[in-house]
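Position in the sequence shown (from 1) plus 216 gives the number in this note's numbering.
All C-beta atoms in this analysis are idealised placements derived from N, C-alpha and C, irrespective of residue type, glycine included.
Fair warning: this is a prediction, and the values are worked out from it, not measured in the lab.
Here the structure comes first, spelled out in structure tokens, and everything after it is commentary.
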Amino acid sequence: MFAQDHMKKTLIALFAIVCSSALWAQQDVQFTQFANNKIFYNPGVTGAGDAICLSAAHRSQWVGFDNAPTTQNFSGNIPLNFLHGGLALNFTNDMIGYFQDITVGVGYGYQMDLAGGTLGLGIRADFRNKNITSGVWAPPQTMNDPSLVAILSSSMATDLSFGAYYQQESWYAGLSSTRLLETKDILNATGGSANAQIRGQRHYYFMGGYNLDLENGIVLQPAAMVKTDLVTTQLDINAAATYNNQIWGGVTYRVYDALAVMGGYQITKDLRATYSYDLTTSSLANSSSGSHEIMMSYCFTIEIPPKEKGSYRNPIFL
């Protein structure tokens with residue numbers, strides 16, 4: 217009995233320690249291909265362009281490291297002229313060690329013409345479920361002990377993200393913030409005897425990029441993104457190029473963290489596949505064989521035929 221109580225207290229203490237010492241990078245998901253997934257970081261992208269775009273991404277970070285982060289993300293961007301912008305849907309499943317975050321985001325973006333370009337202002341409501349189960353911690357000799365099951369329950373939280381995104385034909389820039397409400401995740405022990413809290417940390421992102429047309433069908437696409445929670449800051453610098461609107465490749469340097477190579481191919485007019493590999497340059501390099509990220513995107517338009525002039529429609533059928 218003493219051993220069981222000791223185990224419970226130990227698990228709860230470990231959980232609280234991890235929560236209190238969580239790094240900035242552990243709260244928001246990280247993608248090397250940020251330039252291919254702008255809407256994930258900036259709701260101001262919502263409704264930009266004329267095409268409906270769906271994308272799916274998977275990231276395995278620090279492969280070879282025990283309980284390394286893995287992330288799956290799906291996003292949809294639907295421009296709607298009658299809303300002067302569009303709607304967006306975002307789904308993310310993020311697993312870090314024993315913690316799992318499932319987030320569903322629904323956003324709206326307003327697009328307006330400004331100074332020869334387009335300015336988008338967007339907001340997104342994020343509904344987050346965080347959970348942790350004690351079973352993954354239980355050693356083999358006690359994993360079937362019912363008193364050690366589900367010591368900590370899941371929690372639900374709601375937060376907001378906001379972004380502004382400006383683009384012209386050859387360049388773009390955006391500023392956004394996530395976890396605006398800094399909502400707490402509260403996980404209660406069975407019976408409500410104890411709980412652990414994770415306070416949300418507001419994040420800020422600035423991104424920018426440029427398209428430079430060269431000869432022979434080559435377009436250079438440098439980009440950069442700054443990520444900060446006003447305590448720690450990280451910079452991603454990206455240099456990529458596209459050939460004949462079909463073959464894509466480049467490199468990314470994440471300061472003090474990783475050097476990545478990227479490649480992609482336009483499979484059809486609407487379907488594109490991209491991949492990146494991060495070579496870890498931080499102190500985790502000896503424990504990790506790098507990070508892998510793959511992304512598929514599908515963009516298409518739906519043409520609505522115009523009404524014929526002078527046509528007559530019986531109101532009974534309208």
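Can you look up residue i in the DSSP assignment and give me helix, strand or coil?
i	result
SER393	strand
GLY263	coil
SER499	helix
THR226	Low confidence applies here, because THR226 scores a pLDDT of 42, under 50, leaving its location unreliable and the question unanswered by this model.
ALA251	helix
ASN258	coil
LEU299	helix
LYS485	coil
ASP445	coil
GLY321	strand
TYR326	strand
LEU430	coil
ARG344	strand
ASP310	strand
ARG418	coil
Within a Cβ cutoff of 8 Å, which residues of the same chain sit near residue i, ignoring the five residues on either side of it in sequence?
i	result
HIS419	TRP240, GLN243, ASP244, SER393, THR394, ARG395, LYS443, THR444 and ASP445
GLY280	SER503, SER504 and SER505
MET397	It should be noted that the sequence gives Leu, not Met, for residue 397. Excluding positions up to five away in sequence, the list reads THR374, ASP375, LEU376 and GLY416.
CA-CA distance, residue i and residue j?
i	j	result
TYR257	LEU428	24 Å
ASP486	TYR514	5 Å
GLY479	LYS346	33 Å
VAL471	PHE298	43 Å
ASN432	PRO259	35 Å
GLY506	GLN249	15 Å
ALA380	ASN502	39 Å
GLY301	VAL320	20 Å
THR468	MET511	16 Å
GLY332	GLN384	7 Å
SER386	ASN460	17 Å
GLN417	GLN316	17 Å
MET328	TYR382	10 Å
LYS225	GLY336	Confidence at LYS225 is low in this model, with a pLDDT of 45, below 50, so the placement of that residue is unreliable and no value is reported for it.
LEU430	THR496	32 Å
PHE290	LEU330	30 Å
TYR326	ILE318	27 Å
Which residues share a DSSP beta bridge with residue i?
i	result
SER370	According to DSSP, SER370 bridges with nothing at all.
SER492	MET478 and GLU509
ALA457	LEU436 and GLY465
ALA380	LEU337 and LEU391
HIS274	GLN288 and ILE510
GLY280	Answer by DSSP bridge pairing: none, since GLY280 is not bridged.
GLY425	TYR388 and ALA439
LEU403	ALA412
ILE268	PHE516
LEU451	VAL442
Can the beta-carbon of residue i be found less than 8 Å from the beta-carbon of residue j?
i	j	result
GLY424	ALA389	yes
LEU391	PHE422	yes
ARG344	GLY323	no
ILE255	ALA304	yes
PHE247	GLU509	yes
THR262	GLY338	yes
THR334	ALA272	no
CYS269	ASN293	yes
Within a Cβ cutoff of 7 Å, which residues of the same chain sit near residue i, ignoring the five residues on either side of it in sequence?
i	result
ILE463	TYR481
ALA457	ILE434, VAL435, LEU436, GLN437, GLY465 and GLY466
TYR483	Tyr is not the amino acid found at residue 483; the sequence shown has Ile there. Closer than 7 Å at the Cβ level, and outside the excluded window around ILE483, lie ALA489.
ASP266	PRO295 and THR517
LEU500	TRP278 and PHE281
ASP452	PHE250, ALA440, MET441, THR468 and ARG470
MET217	With a pLDDT of 46 at MET217, under the threshold of 50, the modelled position of this residue cannot be trusted; read the value that follows with caution. Contacts found: none.
Which residues in the same chain as residue i place their Cβ atom closer than 6 Å to its Cβ, once the five residues preceding and following it in sequence are excluded?
i	result
ALA194	Outside the shown range of the chain (217 to 534) lies residue 194, about which nothing can therefore be said.
GLN288	HIS274 and ASN309
ASP401	LYS346, SER371, ALA373 and ILE414
ASP473	SER498
GLN450	LYS443
ALA439	ALA251, GLY425 and ASN454
THR286	SER276 and MET311
ALA476	THR248, THR468, SER492 and ASP494
SER237	Since pLDDT at SER237 reaches only 34, below the 50 mark, its modelled position is unreliable, and the value read off the structure follows with that caveat. Answer for SER237: no residue qualifies.
GLY313	ASN283
So is residue i in contact with chain D if we call contact Cβ pairs under 8 Å?
i	result
TYR459	Protein chain content of the structure displayed is limited to a single chain, and chain D is not contained in it.
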